[in-house]
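Using my numbering, you'd call the opening residue of the sequence shown number 2 and step up by one each time.
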Amino acid sequence: MVLLPAQFHVARSFKKRLRTTSFAITVNHSFDEVMAACAAPRKGDSETWIIPEMRSAYSALHKFGIAHSIEISLADELVGGLYGIAMGRAFFGESMFSRVPDASKVAFAALAVQLNAGLLSFVDCQVYNPHLARLGAREISRLDFETLLFSAIKEDKEWLDSAFENDPSAWPYKPQPDWLVGLPRSAELVLGGL
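Now the structure itself:
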């Protein structure tokens, strides 16, 4: 399941929330907090699939500049966000959370703005989810996904080749991609980019 350029669905109620709620958007300010919130069991569940070993691995990937978080705050309180892996012009979303209505959707919409601007090729949502389908993500064939993937990560090919040849402790730090640096930082900017 992927989100492609111009496919993010913006409901009227979501546009209104973007206009009337002062969500602030940050990148990589609270990676461990976002992971902890995503790892918390969902309502009605007693367990989570994000086990401590995964949290540790993703924290290490974050230190190398590979894993990133998008945080949504309201009145300086973390209320939503998502995390995933950035490679080239692709973002591989892992998980998202929301403590207030639409907070995780704002983070996802910020990625959609970068898609619409041509700075990001696709967001890999991985597993079918009705919520993401309502937002415009769709399933594609494996062949189509591979074509998108190879095109999106070609700018990171040299870095990837050297990373796979070395022990992970020797990996060079990977700077944030331009599309992530330029992510909109407010709900108004998200609305303007959709």
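Glycine included, every Cβ here is placed at the ideal spot set by N, Cα and C. Owing to the predicted nature of the structure, the values given are computational and were not obtained by experimental measurement.
Is it the case that the Cβ atoms of residue i and residue j are separated by a distance below 8 Å?
i: W180; j: R100; result: no
i: L192; j: R13; result: no
i: L112; j: V124; result: yes
i: A110; j: L195; result: yes
i: C126; j: M36; result: no
i: A104; j: G85; result: no
i: N29; j: S57; result: no
i: Q8; j: G119; result: no
i: C39; j: S96; result: yes
i: V114; j: P185; result: yes
i: E48; j: L79; result: no
i: D157; j: M88; result: yes
i: P6; j: N130; result: no
i: L83; j: G94; result: yes
i: F32; j: K106; result: no
i: R135; j: H10; result: yes
Would you give the residue range spanned by the alpha helix (DSSP H) that residue i belongs to?
i: A40; result: F32 to A40
i: F15; result: R13 to T21
i: A188; result: A188 to G194
i: L5; result: From DSSP, L5 is part of no alpha helix (DSSP H); its letter is neither H nor E.
i: W180; result: D179 to V182
What residue range is occupied by the uninterrupted beta strand (DSSP E) comprising residue i?
i: A25; result: A25 to V28
Buried or exposed, going by whether 16 or more other CB atoms sit within 10 Å of the CB of residue i?
i: H63; result: buried
i: G45; result: exposed
i: A41; result: exposed
i: I52; result: exposed
i: R18; result: buried
i: F151; result: exposed
- [ ] Flag this pair as touching only if the segment 24-35 and the segment 71-87 have three or more C-beta atom pairs under 8 Å; answer yes or no.
- [x] With the cut-off at 8 Å, the segment 24-35 and the segment 71-87 touch.
Task: Contained beta strand (DSSP E) runs [length at least 3] in the segment 108-151, N- to C-terminal order - done: Counting only runs of 3 or more, we get 123-125.
Task: Minimum length 3: unbroken beta strand (DSSP E) runs contained in the segment 56-97 - done: If only uninterrupted beta strand (DSSP E) runs of at least 3 residues are considered, those enclosed by the segment 56-97 are 68-75 and 78-88.
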